[in-house]
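Protein chains in written order, with our numbering: chain A, 9 to 442; chain B, 7 to 285; chain C, 5 to 316. So the structure is just underneath, and the comments pick up after that.
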Amino acid sequence: MKTSKNRKWVALSLIVALCLGLLSACGGKNESGTNDGSSSENGGAKNDEVTLRFMTWDSGQTLQPYQNAINAFMEKNPNIKVKVESVPDNYDQKLLTSLASETAPDVFMAWNYPLYVPGGALEDMQTWVDKDSYELGKYYPILMDYMKYDGKLWGLPTTYSTRAIYYNKKLFDEAGVPYPKDGWSWDEFVDTVQKLTKPGQYGFIMTPDDVMTMQPYVWSNGGDMVSEDGKQVDGILNSAENVKTFTFLKQLYDVSSKINSAGKFSTNNGLESFQTGQIAMFDNGMWPLGDILKEGKLDIGTVSHPLPEGGSLKGIIHTSGYSMPKSGKNKEAAWELIKFMSGEEGIKIITANKFAFSPVISIDKENGYATDPYLESFAKELEGSDKLIASMRNERWSEAEDMIRAGVQAIFYSNADIQKTLDQAAVQAQSVLK
Amino acid sequence: MHTIQRNKRTQSIVFMVLIILLAAAFLFPIAWMMSTAVKAPEDIFTPKPQLIPDSWHFDNFGEAWNAQPFGRFLLNTLIVVGVSTPFAMLSATMVAFGFARINFWGRNALFLLVIGTMVIPWDVTAIPLYIEYNKLGLINTLWPMILPGAFGSAFFIFLARQFIMGVPRDLDEAAEIDGCNRWRIYWSIILPLCKPIVVVIGVFHFVWCWNEFLTPLIFINDQSMYTLPLGINLFKNAFNIEYEKLMAVSCLSVLFPATLFYFTQDLILGGISLSGVKK
Amino acid sequence: MAIANSDAAMMRRSARRKRRRENVAGLFFISPWLIGFLLLMFFPLMFSLVISFSEWNMVGSPKFIGFDNYVQMFTGDPFYFKSMIVTFKYVFIMVPLQVIFAILIAVLLNRATYGIRFFRAIFYLPSLIQGVTLALIFSWMLNDDFGPVNYMLELVGLPRVHWLTDPNVALYALIFIALWGVGSPMVLYLSALRSVSSEYYEAADIDGAGPLRKFLNITIPLITPTILFNILTSLISAFQTIVLAFVLTGGGPANSTYFYSLHVYRNAFTHFKMGYASAMAWAMFILIVVLTGLILKSSKYWVHYEADGGGR
Numbered sequence: 009m010k011t012s013k014n015r016k017w018v019a020l021s022l023i024v025a026l027c028l029g030l031l032s033a034c035g036g037k038n039e040s041g042t043n044d045g046s047s048s049e050n051g052g053a054k055n056d057e058v059t060l061r062f063m064t065w066d067s068g069q070t071l072q073p074y075q076n077a078i079n080a081f082m083e084k085n086p087n088i089k090v091k092v093e094s095v096p097d098n099y100d101q102k103l104l105t106s107l108a109s110e111t112a113p114d115v116f117m118a119w120n121y122p123l124y125v126p127g128g129a130l131e132d133m134q135t136w137v138d139k140d141s142y143e144l145g146k147y148y149p150i151l152m153d154y155m156k157y158d159g160k161l162w163g164l165p166t167t168y169s170t171r172a173i174y175y176n177k178k179l180f181d182e183a184g185v186p187y188p189k190d191g192w193s194w195d196e197f198v199d200t201v202q203k204l205t206k207p208g209q210y211g212f213i214m215t216p217d218d219v220m221t222m223q224p225y226v227w228s229n230g231g232d233m234v235s236e237d238g239k240q241v242d243g244i245l246n247s248a249e250n251v252k253t254f255t256f257l258k259q260l261y262d263v264s265s266k267i268n269s270a271g272k273f274s275t276n277n278g279l280e281s282f283q284t285g286q287i288a289m290f291d292n293g294m295w296p297l298g299d300i301l302k303e304g305k306l307d308i309g310t311v312s313h314p315l316p317e318g319g320s321l322k323g324i325i326h327t328s329g330y331s332m333p334k335s336g337k338n339k340e341a342a343w344e345l346i347k348f349m350s351g352e353e354g355i356k357i358i359t360a361n362k363f364a365f366s367p368v369i370s371i372d373k374e375n376g377y378a379t380d381p382y383l384e385s386f387a388k389e390l391e392g393s394d395k396l397i398a399s400m401r402n403e404r405w406s407e408a409e410d411m412i413r414a415g416v417q418a419i420f421y422s423n424a425d426i427q428k429t430l431d432q433a434a435v436q437a438q439s440v441l442k
Numbered sequence: 007m008h009t010i011q012r013n014k015r016t017q018s019i020v021f022m023v024l025i026i027l028l029a030a031a032f033l034f035p036i037a038w039m040m041s042t043a044v045k046a047p048e049d050i051f052t053p054k055p056q057l058i059p060d061s062w063h064f065d066n067f068g069e070a071w072n073a074q075p076f077g078r079f080l081l082n083t084l085i086v087v088g089v090s091t092p093f094a095m096l097s098a099t100m101v102a103f104g105f106a107r108i109n110f111w112g113r114n115a116l117f118l119l120v121i122g123t124m125v126i127p128w129d130v131t132a133i134p135l136y137i138e139y140n141k142l143g144l145i146n147t148l149w150p151m152i153l154p155g156a157f158g159s160a161f162f163i164f165l166a167r168q169f170i171m172g173v174p175r176d177l178d179e180a181a182e183i184d185g186c187n188r189w190r191i192y193w194s195i196i197l198p199l200c201k202p203i204v205v206v207i208g209v210f211h212f213v214w215c216w217n218e219f220l221t222p223l224i225f226i227n228d229q230s231m232y233t234l235p236l237g238i239n240l241f242k243n244a245f246n247i248e249y250e251k252l253m254a255v256s257c258l259s260v261l262f263p264a265t266l267f268y269f270t271q272d273l274i275l276g277g278i279s280l281s282g283v284k285k
Numbered sequence: 005m006a007i008a009n010s011d012a013a014m015m016r017r018s019a020r021r022k023r024r025r026e027n028v029a030g031l032f033f034i035s036p037w038l039i040g041f042l043l044l045m046f047f048p049l050m051f052s053l054v055i056s057f058s059e060w061n062m063v064g065s066p067k068f069i070g071f072d073n074y075v076q077m078f079t080g081d082p083f084y085f086k087s088m089i090v091t092f093k094y095v096f097i098m099v100p101l102q103v104i105f106a107i108l109i110a111v112l113l114n115r116a117t118y119g120i121r122f123f124r125a126i127f128y129l130p131s132l133i134q135g136v137t138l139a140l141i142f143s144w145m146l147n148d149d150f151g152p153v154n155y156m157l158e159l160v161g162l163p164r165v166h167w168l169t170d171p172n173v174a175l176y177a178l179i180f181i182a183l184w185g186v187g188s189p190m191v192l193y194l195s196a197l198r199s200v201s202s203e204y205y206e207a208a209d210i211d212g213a214g215p216l217r218k219f220l221n222i223t224i225p226l227i228t229p230t231i232l233f234n235i236l237t238s239l240i241s242a243f244q245t246i247v248l249a250f251v252l253t254g255g256g257p258a259n260s261t262y263f264y265s266l267h268v269y270r271n272a273f274t275h276f277k278m279g280y281a282s283a284m285a286w287a288m289f290i291l292i293v294v295l296t297g298l299i300l301k302s303s304k305y306w307v308h309y310e311a312d313g314g315g316r
């Protein structure tokens, strides 16, 4: 008797829960996706005003160039309004959440296509390109490879940057060391770092955590981390070339600063130390250049990555694309925005003031980047670049990279045997990619 | 007798010195935040760290505040905190009273469930929660920030339960004999006694709600609905951080909870003595 | 016989009625939480539980794979136990330290003669700053090259410490930093200390008890409800700690601060393996609930609620 009463409570609460579950399941099947106020069902219709949501990880100063281009776009297309949503932190979390519930922004920036593509949430950009016979030949071919995965096109490029090495001229002068020149060797590099390291000052920053930016060294020595098709690690990661490369990187680590100033901003690792003159050289993209020059405290130069004997320069590229979700409601308008932003008009506005490099070759030429004393080395890095970063070749690469990172850490921190450690990491990484 | 007094005095001096040293350590990060807030951008990173800046730039505050619509963000934050805090105070004590005083079926299991809800990391529930809020039409509104706290958060329920467990039972027993029903006992006997803990809940909830970052980050798209922490975060991007501005607005943002705490601390700690209640 | 029988039946019925009244009243009082739970938590929790048995990259549709995720944790993930050990180390050093430190400051403040309102506010102040901003400040303070802390060490002739970049130090640096968040428990202890009746101390004075004995025999027992609360809540939040590691170390160096929660986050939003992340979260859920249950069970033996006459 008593238990049956108790059961009633359980039953009742279960029923309530079920009803709620059902309610939320059936609630709005036909209204998934957001209609931002004024936008009509088929947002492409010419006369209706459309509001587009545009999501980016840029904010504040770095958003401004994009905002300028967006403003120009809105002026040109008075019937399309663009709302910028700037998400500098937890970008993937936010994007995934909105994609999972089919409320993603109409246009968003993305770079890790291999991860987003398998679910089928992204719009195939090729159909739009074909429909408009949009000219893709104006872009650097290597950049277009970064926009593809699984043989399809998922975005149009935003901007790009290669990486080069910044050096602080004052610290070189003080130590009586000549400035580095493009085409310098690995040995010269280690030697220079050593000469510039003294109490309170380091020649360079090297951490084992940023495996991604080790790729230019690996490539220029004729090695790679994974096969072209992204399937084979074993035998490639642990090649003789790579053992040599990691021997060099370990040497470099031993004479470098170990700072890892903020885990999250690892692509920008050491900027503050460089700006305070405690680091003589550091490896970065062209993004902080404007800030460093603006503050005018530092006399700097840039140089391309050093090369191994007989090696050739193969730069690494950071880039991203504008994409749209398959579930988007205003694809026509979104395509217009993407075309504008990635095309000549938009990119010209965005790359003004040396904000970033232009993926459109003619604009890069027009901006004169290849002859700019600070940007020349970055341009050289692009010339030889013919490889996709490993994460663009396999959707499970981030996991494999965790295994490799652990191996590199063992080599750097605890002097583990390089060949053995790479062998082991290769087997582990291979098991992830299977 | 004299030695006892002298002992007491040296004791209190030792205590004061300890407090001051510890306080200095606790104040240092805040002092650093404030000093960064008034520095010129080029003075922020120097080889020799400087707590006292060479030149003071108080216009950083205005500049930072106007860099984004912070007035709007502040208003949103105030709405969230203002609406949810009273409900949080009421619901937490009410639920706690149920758990502490009423011996209903399944009480212990349910209480473990209450605590259990604190345990599941938000990372794995964010997506279904988003789907649910989306179906309810609450995405891009302030509700996702208001509702969870208003229904009673596990932390405060637990806190209030611990407190109510400490209130002598003879009080409610006497009231029950007088014919008071449970609501009356809760409302006119327990709740007044709970005043310090209710204020604690109010202050803590205010502070956490004020600084909540992930909830608005995921559920708000439109910049006009942003709260202060999201606004502050806009000074950060992948390539650099505008430290002086970020710190300046952080300073201004801290002012509100700090003022609240400063003026309510007597309610929590000073004025009310429970010794009158206890036998 | 019959009369006695009906008496017993009546008594049973009235007891039943009383029970029912209790159930209704209980349900009424916990209804705010219950409604909130059913409305806002039940679906997400069940959803993530179901997902934990599937493979899901969040953008496609989930694929049911049974217990594979759970098996994977224990057999195929080299970082699982590593992150577990890091987390346990953090929890079991941080929680006791925090409890002791919070009581210590509360006791000191309770004895303070001057400026008590001011000092209270100072100790609570770091808890008022948004987590990310505070972590940013600390990452700066502890920076190897230009951080004020190392600078001060150098001024007094001590060697620089690689706070966040030495694998043997970083975890302890994070624990140390976490102590700055001691403000909230401190406020609770202060409140608890205030409500300890002075009669107890006066009685102890007459017995000639020293300050230490008074502290151990009177103060501590009387604040055990707060201690229980503090231990449980900081245990739970320590198991989930993520912001500090996220901003300060990113899990490094050499994964020495790679917390379980960081592994969950990484699997979810870097590897896009929400199924596996959910399974990890639920494994942790079971662990913490068991731990919490044990502590709650043990509380019978060491927590004194004054209402039960424990304080006398």
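Ideal Cβ placement from N, Cα and C applies to all residues, glycine included.
Given a cut-off of 9 angstroms, decide if C:L178 and C:T261 are closer than it, judged by their beta-carbon atoms.
Residue mapping note: residue 261 of chain C aligns to position 257 of the third sequence, counting from 1. Residue mapping note: residue 178 of chain C aligns to position 174 of the third sequence, counting from 1. Taking 9 angstroms as the Cβ cut-off, C:T261 and C:L178 qualify as a contacting pair.
Output needed in chain order: residues of the segment 143-177 of chain B with a Cβ under 7 angstroms from some Cβ in chain C.
L153, P154, F157, G158, F161, I163, F164, L165, Q168, M171, G172, V173, P174, R175
Alpha carbon to alpha carbon, how far is A:D425 from A:N292?
Along the first sequence, read from residue 1 onward, the residue named residue 425 of chain A stands at position 417. Along the first sequence, read from residue 1 onward, the residue named residue 292 of chain A stands at position 284. For A:D425 and A:N292, the distance between alpha carbons rounds to 29 angstroms.
Let me know the secondary structure DSSP gives B:P47 once reduced to three states.
Here the question's residue 47 of chain B lines up with position 41 in the second sequence. Three-state DSSP puts B:P47 in a helix.
Between the segment 190-223 of chain A and chain C, which residues of the former have a C-beta closer than 7 angstroms to a C-beta of the latter?
D217
Look up A:H326 in the DSSP assignment and give the residues it is bridged to.
Along the first sequence, read from residue 1 onward, the residue named residue 326 of chain A stands at position 318. Per DSSP, A:S169.
Could you check which residue in A:V95, A:G68, A:Y142, A:E83 has the C-alpha nearest to that of A:G351?
Within the first sequence, the letter at position 343 stands for residue 351 of chain A. The shortest C-alpha separation from A:G351 is found at A:Y142.
What three-state label does DSSP hand A:K272 in the structure shown?
In the first sequence, the residue the question calls residue 272 of chain A occupies position 264. Residue placement at A:K272 cannot be trusted, given a pLDDT of 41 that sits under 50; what the coordinates show is reported in the next sentence. Residue state, collapsed to three classes: helix.
Starting from the C-beta of B:F301, find all residues in its chain whose C-beta is less than 6 angstroms away, skip the five residues before and the five after it, and write them out in chain order.
Given a span of 7 to 285 for chain B in the structure shown, any question on residue 301 of chain B remains unanswerable.
Determine whether the beta carbon atoms of C:L239 and C:I299 lie at a separation below 9 angstroms.
As a first step, residue 239 of chain C is located in the third sequence; it is residue number 235 there, counting from the start. As a first step, residue 299 of chain C is located in the third sequence; it is residue number 295 there, counting from the start. Yes, these two residues count as a Cβ contact at 9 angstroms.
Close beta carbons around B:D228, own chain, < 7 angstroms, minus the five adjacent residues each side:
What you label residue 228 of chain B is simply residue 222 of the second sequence in a count that begins at 1. Taken in chain order, the residues that qualify are N146.
Residue range of the unbroken alpha helix (DSSP H) whose run includes C:N259:
Locating residue 259 of chain C in the third sequence gives position 255, where the first residue counts as 1. First-last for C:N259: undefined, no H or E at that position.
Distance between beta carbons of A:L441 and A:R413, contact taken as under 8 angstroms
Within the first sequence, the letter at position 405 stands for residue 413 of chain A. Within the first sequence, the letter at position 433 stands for residue 441 of chain A. Actually they do not touch by this definition, with Cβ atoms about 15 angstroms apart.
Where A:T170 meets chain B, residues with beta-carbon distance less than 7 angstroms
Locating residue 170 of chain A in the first sequence gives position 162, where the first residue counts as 1. Near A:T170 there are no residues of chain B at all, since even the closest Cβ is about 15 angstroms away, more than 7 angstroms.
Per DSSP, A:A118 forms a beta bridge with which residues?
The residue labelled residue 118 of chain A in the question sits at position 110 within the first sequence. In the DSSP output, where bridge partners are listed per residue, A:A118 has A:G329.
Between the alpha carbons of C:G212 and C:K218, how many angstroms are there, rounded?
Along the third sequence, read from residue 1 onward, the residue named residue 212 of chain C stands at position 208. Along the third sequence, read from residue 1 onward, the residue named residue 218 of chain C stands at position 214. If I take the Cα positions, the gap works out to 10 angstroms.
Range covered by the alpha helix (DSSP H) that runs through A:T105
Here residue 105 of chain A corresponds to residue number 97 of the first sequence, with the count starting at 1. 99-108 is the span of the alpha helix (DSSP H), which, as asked, contains A:T105.
According to DSSP, what are the bridge partners of A:Y210?
To locate residue 210 of chain A, count along the first sequence from 1; it is residue 202. Note: A:Y210 sits in a beta bridge opposite A:I287.
Excluding the five sequence neighbours on either side, which residues of its own chain have a C-beta within less than 6 angstroms of the C-beta of A:F197, listed in chain order?
The count along the first sequence starts at 1 and reaches residue 197 of chain A at position 189. Once the five neighbours on either side are set aside, the close Cβ partners of A:F197 are P314.
Mapping the DSSP letters down to three states, classify A:V311 as helix, strand or coil.
Here residue 311 of chain A refers to the residue found at position 303 when the first sequence is read from its first residue. It is a strand residue.
Interface flag, C:N27 vs chain B, CB-CB below 9 angstroms:
Indexing the third sequence from 1 puts residue 27 of chain C at position 23. Yes, because at least one Cβ of chain B sits closer than 9 angstroms to the Cβ of C:N27.
Starting from the Cα of A:M63, find the closest Cα among A:L390, A:E249, A:L71 and give me that residue.
One-based indexing of the first sequence puts residue 63 of chain A at position 55. Answer by Cα proximity: A:L71.
Straight-line gap, B:W111 to B:V173 (C-alpha atoms, nearest Å):
Here residue 111 of chain B is taken as the residue at index 105 of the second sequence, counted from 1. Here residue 173 of chain B is taken as the residue at index 167 of the second sequence, counted from 1. Roughly 22 angstroms between the two C-alpha positions.
Return the chain-ordered list of same chain residues with a C-beta closer than 7 angstroms to the C-beta of A:Y8, the five sequence neighbours on each side being excluded.
Lying before the first or after the last residue shown, residue 8 of chain A is absent from chain A, which here runs from 9 to 442.
Where A:T205 falls: helix, strand or coil (DSSP)
Residue 205 of chain A sits at position 197 when you count from the first residue of the first sequence. Of the three classes helix, strand and coil, the one that applies to A:T205 here is coil, per DSSP.
Of the choices A:S366, A:M411, A:S320, A:V125, whose alpha-carbon is the least far from that of A:Y148?
By 1-based counting over the first sequence, the position of residue 148 of chain A is 140. When each option's Cα is compared against that of A:Y148, the closest is A:S366.
For a contact defined as C-beta to C-beta under 8 angstroms, what are the partners of B:L275 on chain C?
The residue you call residue 275 of chain B lines up with position 269 of the second sequence. Simply R124, V191, L194, S195, R198.
Closer than 8 angstroms is the cut-off here; do at least three beta carbon pairs connect the segment 189-203 of chain C with the segment 103-113 of chain C?
yes
Between which residues of its own chain and C:F180 is the CB-CB distance below 7 angstroms, once the five residues before and five after are set aside?
Indexing the third sequence from 1 puts residue 180 of chain C at position 176. Within the same chain, C:F180 has no close Cβ partners at all.
Can you list, in chain order, the residues of its chain with a C-beta nearer than 8 angstroms to that of C:F61? Leave out the 5 residues immediately preceding and following it.
To locate residue 61 of chain C, count along the third sequence from 1; it is residue 57. Reading off the sequence shown, one finds Asn at residue 61 of chain C, where the question assumed Phe. The answer, listed in chain order, is F276, K277, M278.
Chain A residues whose Cβ lies nearer than 8 angstroms to that of C:N61:
Walking along the third sequence from the start, residue 61 of chain C turns up at place 57. Simply L123, P126, G127.
When the Cα atoms are used, what is the spatial distance from A:K272 to A:S228?
Along the first sequence, read from residue 1 onward, the residue named residue 272 of chain A stands at position 264. Along the first sequence, read from residue 1 onward, the residue named residue 228 of chain A stands at position 220. For A:K272, the pLDDT reaches just 41, beneath the cut-off of 50, and the residue's location in the model is therefore unreliable, leaving the point undetermined.
How about the segment 32-44 of chain C and the segment 95-111 of chain A: do they share at least three Cβ pairs that are nearer than 8 angstroms?
no
In terms of alpha-carbon separation, which member of B:F212, B:T221, B:K251, B:W62 lies closest to B:P263?
Walking along the second sequence from the start, residue 263 of chain B turns up at place 257. When each option's Cα is compared against that of B:P263, the closest is B:F212.
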